[in-house]
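S.K.:
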Amino acid sequence: MREERHRARQHRTGLPGLEAVAVSSDRSFPRHAHDQYGIGVVLAGGHRSWSGVGAVEAAAGDVITVNPGEIHDGLPIQARIRAWQMLYLDPALLAGLLREDLPRAGEIARPALHDPVLAGRFTRLFAGIAAARPDAFAVEQDLVGVLMHLFARYGGGPAPRRGPPPFVARALRRLEEAPGEAVTLAELAGLSGVSRFQLIRGFARATGATPHAYLVQQRVRLARRLLAEGRWPAAAAAEAGFADQSHMTRAFVRQFGVTPARFRAALA
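Counting from 7, one number per residue, gives the positions in the sequence shown under our numbering.
#1: Would you tell me roughly how many angstroms separate the C-alpha atoms of residue 98 and residue 216, rounded to the nearest one?
#2: Would the beta-carbon of residue 58 fall within 7 Å of that of residue 88?
#3: If we ignore side chains and look at the alpha-carbon of each, how far apart do residue 86 and residue 45 end up?
#4: Sorted by chain position, which residues of the same chain lie with C-beta nearer than 7 Å to residue 157's C-beta, five sequence neighbours on each side aside?
#5: If distances are taken between C-alpha atoms only, which option among 34, 102, 41 and 115 comes closest to residue 70?
#6: Output needed for residue 178: all residues of its chain with C-beta closer than 7 Å, excluding positions within five of it in sequence on either side, in chain order.
#7: What residues match up with residue 17 in a beta bridge as DSSP calls it?
#8: Taking the alpha carbon of residue 90 as the point to measure from, which residue in 210, 133 and 239 has its own alpha carbon closest?
#9: Short check: CB of residue 102 to CB of residue 185, under 7 Å?
#10: Taking buried to mean at least 16 other C-beta atoms within 10 Å of its own C-beta, is residue 42 buried or exposed?
#11: To the nearest angstrom, report how far apart residue 62 and residue 75 are at their CA atoms.
What follows is the structure, encoded as structure tokens:
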């Protein structure tokens, strides 16, 4: 079995609601979603992902983006290591920064952008964050510049995405509202009024994931929020519904590329 080569470093940003991570990896990430906006730049190699607009590819120098709640995955092109830097912004932070200029920023329309000017602004911003002694004023100024460029040109988003069928929507609501609680396929099928097979097939068509995979995603996102609130990893694992801390750690690393402990430490 080929050994994965993966390194991730989380940086303190000093700005609540903003996270920064630098990754070098040949790992394939399963389909998942984030609670935040994601904006980044590919530094080396190539990256392929499935998104709401279909399959896309990004090469070194390209900007990559994701909207809150948007299902996506990520894998290297030709099994090679690719490196990228990424910022994750809480929607409330973004709305506060752009309220006066872009009151309706909406979604980012494209998940991969070839925009050298935007990439250069992002690279300068990330370098400021990763500096030994970040200048908070300069970081905030450069962040606003990146967001204005991004949303002025690529904001507003595509036409509204069709919602899932009602029976899938009911299952989604159950998994999203109480991810920490135990659930069975029979319960979800009963809520949805379909057979187990119909639920699995319809769920995968609508979300790109199985009900169990989606539940794990929701549990990881809940654990992430709990860690950001100051919970210790063991407590976050229990509250999020994982069997133990090691199960949470494996799922967390698969989805976010860093361990829960490193994520929590970067926010301290």
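Even glycine gets a Cβ: it sits at the ideal position worked out from N, Cα and C.
M.R.: Let's see:
#1: Their Cα atoms are separated by approximately 30 Å.
#2: Contact: no.
#3: Separation of residue 86 and residue 45 (C-alpha to C-alpha, rounded to the nearest whole angstrom) is 22 Å.
#4: Around residue 157: 104, 108 and 111.
#5: From the listed residues 34, 102, 41 and 115, the smallest Cα separation to residue 70 is found for 115.
#6: Here the set comprises 170.
#7: Beta-bridge analysis with DSSP links residue 17 to 26.
#8: Among 210, 133 and 239, the Cα nearest to that of residue 90 is on 133.
#9: No, they are not a contact pair.
#10: Answer is buried; the Cβ neighbour count reaches 16.
#11: About 18 Å.
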